[in-house]
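See structure below.
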Amino acid sequence: MKTNPGRFFEDFRLGETIRHATPRTVTTGDVALYTALYGPRFAVQSSDAFARAIGFPQSPLDDLLTFHVVFGKTVPDISLNALANLGYAEGGFRRPVYPGETLSTVSEVIGLKESSNRQTGVVYVRSVGSDAAGETVLSYCRWVLVRKRDPEAKIAEEHVPSLAKVVAPADLAGAIPPIDRAAYDLDLAGSPYRFGDYNAGERIDHVDGMTVEEAEHQIATRLFQNTAKVHFDAFATKETRFGRRLIYGGHVISLARALSFNGLANAFAIAGINAGRHVAPLFAGDTVYAWSEVVETADLAGRDDVGLLRLRTVATKNQPCGAFPDKQGEGYDPAVILDLDYWAFMPK
28 MKTNPGRFFE
38 DFRLGETIRH
48 ATPRTVTTGD
58 VALYTALYGP
68 RFAVQSSDAF
78 ARAIGFPQSP
88 LDDLLTFHVV
98 FGKTVPDISL
108 NALANLGYAE
118 GGFRRPVYPG
128 ETLSTVSEVI
138 GLKESSNRQT
148 GVVYVRSVGS
158 DAAGETVLSY
168 CRWVLVRKRD
178 PEAKIAEEHV
188 PSLAKVVAPA
198 DLAGAIPPID
208 RAAYDLDLAG
218 SPYRFGDYNA
228 GERIDHVDGM
238 TVEEAEHQIA
248 TRLFQNTAKV
258 HFDAFATKET
268 RFGRRLIYGG
278 HVISLARALS
288 FNGLANAFAI
298 AGINAGRHVA
308 PLFAGDTVYA
318 WSEVVETADL
328 AGRDDVGLLR
338 LRTVATKNQP
348 CGAFPDKQGE
358 GYDPAVILDL
368 DYWAFMPK
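Start counting at 1 in the sequence shown, then tack on 27, and there's your number in the numbering used here.
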């Protein structure tokens, strides 16, 4: 058998390192298609002239485009037989990525936990994306629910890793070059609000919504070379719980991030991902809305040009966010589909 059926839960081993196939050179073509799919408007990633004026050599890739490309490499080896991607932690964007760079990914299995029904298990991995020189551009942990091939298969060793709830701001301070605050044009950036204008506890309704079409979410997932069956195979997914294709969770993250421009236009770069949870599935035809909470603000030692906002962005489907739909007891408002906690750079 020369084809790859993907790994099942019992195929993983604690501590193993997986070198993922197909390095990917990202180009301005990828940037243009990413913009067409999500509509991000952050000036630093949209304009070479704006980026150069404040200290970048050119416009970097949108951080989530980098994330998706790095993530996509892992799917054939980690989550081809997954039922759900459950969460993220300890994410750090270590340096900007520019068009023309080649990205590759290596993952380490850091945890395994069989489900009580013995039909599935949770696989925890730490994935590291590197450039052509071998320098780390991104690292993150995620955990995913994977089917077992044989429910009776015994698992040699189980372990649930202890992961940090919040990435330390000091660990993220060097992720972008020094910024020329005087050259940062607020008019061109689209918002008059800088770091000092935001306060912990503040909530922002991002107002706008985007309806997801069947074709576009599949184009997006193919762009990232994500091969997970649940996103593409309509025939096979008829037999699943939902009876239809699921939209890639990263698609929701990028939509929410793009929507957050309205209210957070100067939060121009993601520095780290503290936690993330895909609360409920999204399907073609649904409309995504989002709101954000400023959880805390952080000054960075040795940097007077930027600070970090810790943001919690909540995305919903088919429900505007003027009432800030959120957690309800042990669960969530039925409309909530994403709860993402991350750090973002903002000029002072």
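Idealized CB from N, CA, C, for every residue including glycine.
Please state if the CB of H305 and the CB of L365 are separated by a distance shorter than 8 Å.
-> yes
Using alpha carbons as the reference points, say which of D232, A261, N226 lies closest to E241.
-> A261
Go to T44, then tell me how far its beta strand (DSSP E) extends in each direction, as first and last residue.
-> 44-46
Under the rule that 16 or more other beta-carbon atoms within 10 Å means buried, what is P196, buried or exposed?
-> buried
Identity of the residues DSSP links to T343 by a beta bridge = Y316, V363
With A283 as the anchor, note down where its alpha helix (DSSP H) starts and where it stops.
-> 276-286
What did DSSP end up calling I231 once you bin it into helix, strand or coil?
-> strand
Within the same chain, show all residues whose beta-carbon is closer than 8 Å to that of L282, passing over the 5 residues directly before and after it, in chain order.
-> Y65, M237, V239, V315, A317, A342
Close beta carbons around A263, own chain, < 7 Å, minus the five adjacent residues each side = K256
Out of D57, P374, S131, point me to the one whose CA is closest to A216's CA.
-> P374
In terms of alpha-carbon separation, which member of D368, V58, A292 lies closest to G127?
-> V58
So who's on the other strand from V97, going by DSSP bridges?
-> In DSSP, V97 forms no bridge with anything.
Answer yes or no: do L199 and W370 have a C-beta to C-beta separation smaller than 8 Å?
-> yes
Exposure label - E117; buried when at least 16 CB within 10 Å = buried
Among P204, T267, V150, P347, nearest to V333 - alpha-carbon criterion = P204
The beta strand (DSSP E) enclosing E135, as first and last residue numbers | 129-141
So, is T147 buried or exposed, given that buried needs 16 or more other C-beta atoms within 10 angstroms?
-> buried
Inter-residue spacing [alpha-carbon to alpha-carbon] between F288 and E135 | 34 Å
Could you say if the segment 29-38 and the segment 163-178 meet the contact criterion of at least three C-beta pairs nearer than 8 Å?
-> yes
Measure the CB-CB distance between G277 and F83 and report whether it falls below 8 Å.
-> no
Cα-Cα separation, G156 to R46 | 11 Å
With a cut-off of 8 Å, do at least 3 Cβ pairs link the segment 107-124 to the segment 285-302?
-> yes
For V58, which three-state DSSP category applies?
-> helix
Kindly indicate which three-state DSSP category P196 falls into: helix, strand or coil?
-> helix
Would you please state the rounded distance, in angstroms, between the beta carbons of N188 and G138? I believe it to be under 8 Å.
-> Going by the sequence as given, residue 188 is Pro instead of Asn. Confirmed, about 4 Å.
Which partner residues does G148 have in the DSSP bridge list?
-> E141, V173
Residue from L213, V164, G114, G42 with nearest C-alpha to K192 = G114
Residue range of the alpha helix (DSSP H) that includes E241 | 241-250
Provide the residue span of the beta strand (DSSP E) that contains I300, from first to last.
-> 296-305
Are the CB atoms of R221 and N108 nearer to each other than 8 Å?
-> no
Proximity test, Cβ basis, 8 Å: P361 and chain D = Structure shown: chain D not included; a single protein chain is present.
Quick one: what's got a C-beta closer than 6 Å to F69's C-beta in the same chain, skipping five residues either side?
-> F295
Per DSSP, the bridge partner or partners of C348 = Note: C348 sits in no beta bridge, so no partner.
For T54, collect the residues of the same chain with a Cβ closer than 6 Å to its Cβ; drop the 5 residues on either side in sequence, then sort them by chain order.
-> P126
C-alpha gap between T324 and R230, whole angstroms = 14 Å
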